[in-house]
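The next block holds one structure in the form of structure tokens; read it before the comments.
Numbering (UniProt numbering), first residue to last: 1 to 309.
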């Protein structure tokens with residue numbers, strides 16, 4: 001045991017390998033290797049109580065000396081490198097089934113490549129030197145071209161889900177969640193209800209929009225997510241993203257407070273309807289990042305500039 005923990009923490013803070021050359025690449029490739037290429041376990045299916053596609057992942061990080069700006073806080077630019085690492089971890093985890101299908105069905109390891117097309121970042125609270133934090137990442141919605149991902153930078157340990165649906169080594173998963181009966185939509189934020197909605201714990205929010213590429217061809221997100229087993233494949237009925245779903249069924253319960261009594265097909269319909277409703281809510285949130293493409297014009301013919309570095 002190190003006799004001087006404060007001194008040891010200081011040494012680790014100064015010599016943190018996080019900012020060393022190629023360490024970021026190693027962290028990203030680690031996620032791709034162990035969460036995607038070597039992970040053959042199926043994706044936990046969505047249930048009437050929890051939608052797998054919108055479940056978050058948690059990526060832990062900290063602020064070493066090499067990431068500080070002249071004010072002694074985490075530099076603004078470094079939020080995006082953390083976001084990239086957390087995003088790759090999330091996609092390698094939740095899209096692995098579809099990525100396997102595409103890479104096995106076509107030549108090339110990256111037959112399907114999620115390409116980042118834009119980001120928007122909001123800084124809520126400064127991250128102090130040496131501070132540890134969690135990056136909670138999830139898919140929030142998609143349209144016929146773009147898939148939108150949001151990462152919340154939060155104080156370490158404040159977001160504590162009751163369970164993890166994708167059981168991994170060292171993670172304790174409740175039996176009801178493994179069996180598909182658990183409700184992960186209501187997690188434990190680490191704060192009591194009287195502490196508010198958790199906004200005080202959020203340090204920053206980053207939203208990114210991605211496009212799925214197969215070579216030069218753009219693949220609709222709904223097709224990719226269906227291949228991943230995250231969106232029910234329903235053939236006829238109303239519009240569902242760029243896919244289709246059947247007519248929604250009456251999702252009222254049996255009158256005794258229990259969940260709806262539906263057969264397997266009707267259950268998929270209810271799940272598809274719930275996914276569609278949440279997808280549309282996510283698209284409303286994502287409109288701000290789309291406005292950057294058209295809302296700020298650039299004039300190539302402007303005659304006078306102020307200076308040049």
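Idealized CB from N, CA, C, for every residue including glycine.
Check: Where residue 123 falls: helix, strand or coil (DSSP); Outcome: strand
Check: Per-residue burial, residue 195 [other beta carbons within 10 Å of its own, 16 or more giving buried]; Outcome: In this predicted model, residue 195 has a pLDDT of only 48, less than 50, meaning its place in the structure is not dependable enough to derive any value.
Check: Secondary structure of residue 73, DSSP reduced to three states; Outcome: coil
Check: CB of residue 282 within 8 Å of CB of residue 70, strictly; Outcome: no
Check: 7 Å Cβ shell around residue 89 - same chain, five flanking residues per side excluded; Outcome: 31, 35, 57, 59
Check: Closest residue to residue 42 among 114, 278, 95 (Cα-Cα distance); Outcome: 95
Check: Nearest-angstrom beta carbon gap, residue 216 and residue 54 [assumed within contact, 8 Å]; Outcome: Incorrect: roughly 30 Å between the Cβ atoms, too far for contact.
Check: Residue 230 versus residue 165 - alpha carbon distance; Outcome: 13 Å
Check: Assigned secondary structure, residue 78 (DSSP; H/G/I helix, E/B strand, else coil); Outcome: helix
Check: Alpha carbon of residue 370 to alpha carbon of residue 300, nearest angstrom; Outcome: Nothing about residue 370 can be read from this structure; the chain reaches only from 1 to 309.
Check: Simplified DSSP assignment, three categories, for residue 214; Outcome: strand
Check: Span separating the alpha-carbon of residue 52 from that of residue 101; Outcome: 19 Å
Check: Nearest-angstrom Cα separation, counted from residue 304 out to residue 200; Outcome: 44 Å
Check: Contact under 8 Å by Cβ, residue 205 with residue 124; Outcome: yes
Check: In DSSP terms, what residue 207 is bridged to; Outcome: 120, 150
Check: Through-space distance from residue 155 to residue 18, alpha-carbon basis; Outcome: 19 Å
Check: Between the CA atoms of residue 153 and residue 77 - distance to the nearest angstrom; Outcome: 14 Å
Check: Span separating the alpha-carbon of residue 222 from that of residue 79; Outcome: 29 Å
Check: Environment of residue 226 [buried if 16+ CB atoms lie within 10 Å]; Outcome: buried
Check: Residue burial classification, residue 162 (beta-carbon count within 10 angstroms, cutoff 16); Outcome: exposed
Check: Exposed unless 16 or more other CB atoms sit within 10 angstroms - verdict on residue 232; Outcome: buried
Check: Through-space distance from residue 48 to residue 269, alpha-carbon basis; Outcome: 10 Å
Check: DSSP beta-bridge partners of residue 141; Outcome: 148
Check: Cβ neighbours of residue 68 in the same chain (closer than 8 Å, five flanking residues each side left out); Outcome: 74, 75, 129
Check: Beta-carbon separation (whole angstroms), residue 127 vs residue 81, contact threshold 8 Å; Outcome: Incorrect: roughly 13 Å between the Cβ atoms, too far for contact.
Check: Contacts around residue 298, its chain only, beta-carbon distance under 6 Å, and the 5 residues preceding and following it disregarded; Outcome: none
Check: Expected contact under 8 Å - CB spacing of residue 116 and residue 198 to nearest Å; Outcome: The Cβ separation is near 26 Å, so there is no contact.
Check: is_contact[residue 214, chain D] using C-beta, thresh 8 Å; Outcome: In summary, chain D is missing from the structure at hand, where a single protein chain is found.
Check: N- and C-terminal bounds of the beta strand (DSSP E) containing residue 59; Outcome: 57-62
Check: Classification of residue 157 by the beta-carbon crowding that lies within 10 angstroms, buried from 16 upward; Outcome: exposed
Check: Best match in 50, 210, 23, 274 for proximity to residue 143 [C-alpha to C-alpha]; Outcome: 210
Check: Exposure of residue 302, with buried meaning 16 or more beta-carbon neighbours within 10 Å; Outcome: exposed
Check: DSSP-derived helix/strand/coil call for residue 18; Outcome: helix
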